[in-house]
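**Q** Residue numbers (our numbering): 37 to 487. Note that CB positions come from ideal geometry on N, CA and C, so glycine has one too. My structure is below; once you've seen it, I'll send some questions.
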């Protein structure tokens, strides 16, 4: 009897030790999703979404790091505008210094390398359901291929993923067969369906640099943005809990390597039909951008709205970029043009891929990567856009585009910069060599399996 009791006691002790190591507190809270957000100055923030108020503990060797509540779950029955009900808790932990690895329930979390070599870029990823005309077939993978695309990106083994904004598109009730049964609104159900379920494996494996899009403005899905993705500490006074307010984040810097700096800019509250609304706030933010620029580096501006982009509509014809951003940079220039301080603009908002440079070779190369799964724009008619004026006096010199679902991969090798355009399944469509000094590029179309 004593021998049996000793065996049982030892077994329980052993199991409890491993339950602790693997995160036994998950017995009380189920971990739904986890990911790592890259914030100002490359600070990495671990986020975990759980189904109650109990946050897990992370481990590194013999050290333990309890996570804290970032945003608590809404109370059952709580009435909120915009169908923005969140019955889940978001936990977080800033990655501890001098800690090379962290584990959550036995799984190693993704960590940003000291030197980033491979960058995946995606944008405009949600399934578009918006009355009265936009009903994307979310239930058909070829019509909404975000999950397939996420798996393809994993195979490219990126060091980091940049998402250039617009995550949630299920704004209205579906009334057609292709999206039948879909959730809608701006709350947890839609965030889970549009973002966390299809991108779960990718988010668990790759650190994330996340840009806020206009679909994450306060009058749309802004509350979810501040709960899940905003890199700054959670502030309920500035978290879009009131959908009629406008909250604009401070821009921040991420160093890709010793020679390339990314500036992440929040353009979510731009009102394209009211170009002067919030313009003074955007000018102030652009002044802050100038202060962030590191001398001697290549500078990329990461934002959602493309100031020098273009798109085609069957109803409206050709249209230029978002003038609010362009005007904010021009009007906010106290010395030289802020726009000319950048080598490259990386944006979304237009649901296609396009790369262009301009007759003024001091302007940055403009890239739009908005083909991440949301219903694509009208196809461009066969037209040479050389000389097309996207802003007053700003004329296109060269452009390429790709009008299909897909993503980009960026690499730097042998002092050469390269963007490769992939389709949703991971097949290479074209490869573009980019010279950030001369603001020029050369693209070659391909159609081969990726290695």
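Suppose the cutoff is 6 Å on Cβ atoms and the five residues either side in sequence are ignored; what does the same chain contact list for residue 471 look like?
**A** Once the five neighbours on either side are set aside, residue 471 has no close Cβ partner at all.
**Q** At 4 residues or longer, and completely inside the region 158-234: list those alpha helix (DSSP H) runs for me, N to C.
**A** With a minimum length of 4 residues, the continuous alpha helix (DSSP H) runs that stay inside the region 158-234 are 182-191 and 224-227.
**Q** Mark residue 97 as exposed unless 16 or more other C-beta atoms lie within 10 angstroms of its C-beta, in which case mark it buried.
**A** By the 10 Å Cβ count, residue 97 comes out exposed.
**Q** Can you give me the Cβ contacts of residue 466 inside the same chain, cut-off strictly under 8 Å, excluding the 5 residues immediately before and after it?
**A** Excluding sequence neighbours, residue 466 sits near 436, 438, 456, 457, 479, 480, 481 and 482.
**Q** Rounded to a whole number of angstroms, what is the C-alpha to C-alpha distance between residue 63 and residue 338?
**A** Interpretation of residue 63 is limited by its pLDDT of 49, a score under 50 that renders its predicted location unreliable; no figure is taken from the coordinates.
**Q** To which residues of the same chain is residue 253 closer than 7 Å at the C-beta, ignoring the five residues directly before and after it?
**A** Here the set comprises 304 and 305.
**Q** Where does residue 385 land, buried or exposed, given buried means 16+ other C-beta within 10 angstroms?
**A** Label assigned to residue 385: buried.
**Q** Under a three-way DSSP split, which group does residue 263 fall into?
**A** It is helical.
**Q** To the nearest angstrom, how far is the alpha carbon of residue 347 from that of residue 149?
**A** Straight-line Cα distance between these residues: approximately 36 Å.
**Q** Could you give the distance in angstroms between the alpha-carbon of residue 363 and the alpha-carbon of residue 319?
**A** Looking at the two C-alpha atoms, the distance is approximately 8 Å.
**Q** Rounded to whole angstroms, what is the Cα-Cα separation between residue 317 and residue 85?
**A** If I take the Cα positions, the gap works out to 32 Å.
**Q** Starting from the C-beta of residue 282, find all residues in its chain whose C-beta is less than 7 Å away, skip the five residues before and the five after it, and write them out in chain order.
**A** Excluding sequence neighbours, residue 282 sits near 254, 305 and 314.
**Q** Any heavy atom of the ligand SAH closer than 8 Å to the Cβ of residue 101?
**A** No copy of the ligand SAH appears in this structure; indeed no ligand is present at all.
**Q** Compute the Euclidean distance between the alpha carbons of residue 335 and residue 89, then round it to the nearest angstrom.
**A** In a straight line, the C-alpha of residue 335 is about 41 Å away from that of residue 89.
**Q** State the Cα-Cα distance for the pair residue 299 and residue 328, rounded to the nearest angstrom.
**A** Looking at the two C-alpha atoms, the distance is approximately 8 Å.
**Q** Which residues bound the alpha helix (DSSP H) around residue 324?
**A** 315-328 is the extent of the alpha helix (DSSP H) around residue 324.
**Q** Return the Cβ separation of residue 333 and residue 358 in integer angstroms, given the expectation that the two are a contact with Cβ distance under 8 Å.
**A** That belief does not hold up - the Cβ atoms of residue 333 and residue 358 are roughly 25 Å apart, past 8 Å.
**Q** Could you give the DSSP three-state label for residue 240: helix, strand or coil?
**A** Of the three classes helix, strand and coil, the one that applies to residue 240 here is helix, per DSSP.
**Q** State yes or no: is the C-beta of residue 383 within less than 9 Å of the C-beta of residue 403?
**A** Yes, the Cβ-Cβ distance between residue 383 and residue 403 is below 9 Å.
**Q** I want to know whether the region 169-189 touches the region 229-245 - three or more CB-CB distances under 8 Å.
**A** Touching, per the Cβ criterion.
**Q** Which term fits residue 256, buried or exposed, when burial requires 16 or more other beta carbons within 10 angstroms of its beta carbon?
**A** Buried, since its Cβ has 16 or more Cβ neighbours within 10 Å.
**Q** Does the beta-carbon of residue 172 have 16 or more other beta-carbons within 10 angstroms, so that it is buried, or is it exposed?
**A** Per the 10 Å Cβ criterion, buried.
**Q** To the nearest angstrom, report how far apart residue 110 and residue 120 are at their CA atoms.
**A** The straight-line gap from Cα to Cα measures roughly 10 Å.
**Q** Going by beta-carbon coordinates alone, are residue 102 and residue 182 separated by less than 9 Å?
**A** No, Cβ-Cβ distance for residue 102 and residue 182 is not below 9 Å.
**Q** By the three-class DSSP mapping on this structure, what secondary structure does residue 258 have?
**A** It is helical.
**Q** Could you give the residue range of the beta strand (DSSP E) that holds residue 467?
**A** That run of the beta strand (DSSP E) goes 463-471.
**Q** To the nearest angstrom, how far is the alpha carbon of residue 215 from that of residue 473?
**A** The straight-line gap from Cα to Cα measures roughly 46 Å.
**Q** Going by CA-CA distance only, name the one from 249, 426, 77 and 433 that's closest to residue 307.
**A** Per the Cα distances, 249.
**Q** According to the neighbour-count rule (16 or more other Cβ atoms, all chains shown, within 10 Å of its Cβ), is residue 375 buried or exposed?
**A** Classification for residue 375: buried.
**Q** Please work out which residues of its chain come closer than 8 Å, Cβ to Cβ, to residue 67, disregarding the five sequence neighbours upstream and downstream, and give them in chain order.
**A** Only 59, 84, 85, 86, 92, 140 and 141 meet the Cβ criterion.
**Q** Flag residue 471 as yes if its beta-carbon sits less than 9 Å from any beta-carbon of chain D, otherwise no.
**A** The chain inventory of the structure shown lacks chain D, comprising one protein chain alone.
**Q** How is residue 57 classed by DSSP in three states: helix, strand or coil?
**A** Here residue 57 scores only 43 on pLDDT, less than 50, and its place in the model should not be relied on; the value that follows carries that caveat. Helix.
**Q** Would DSSP call residue 3 helix, strand or coil?
**A** Nothing about residue 3 can be reported from this structure: the residues present for the chain run from 37 to 487 only.
**Q** Can you list, in chain order, the residues of its chain with a C-beta nearer than 7 Å to that of residue 196? Leave out the 5 residues immediately preceding and following it.
**A** Contacts found: 74, 148, 152, 155, 242, 243 and 245.
**Q** Does DSSP put residue 365 in a helix, a strand or coil?
**A** Residue 365: helix per DSSP, three-state reduction.
**Q** Express the C-alpha separation of residue 209 and residue 453 in angstroms, rounding to a whole number.
**A** Each residue's Cα considered, the two are about 44 Å apart.
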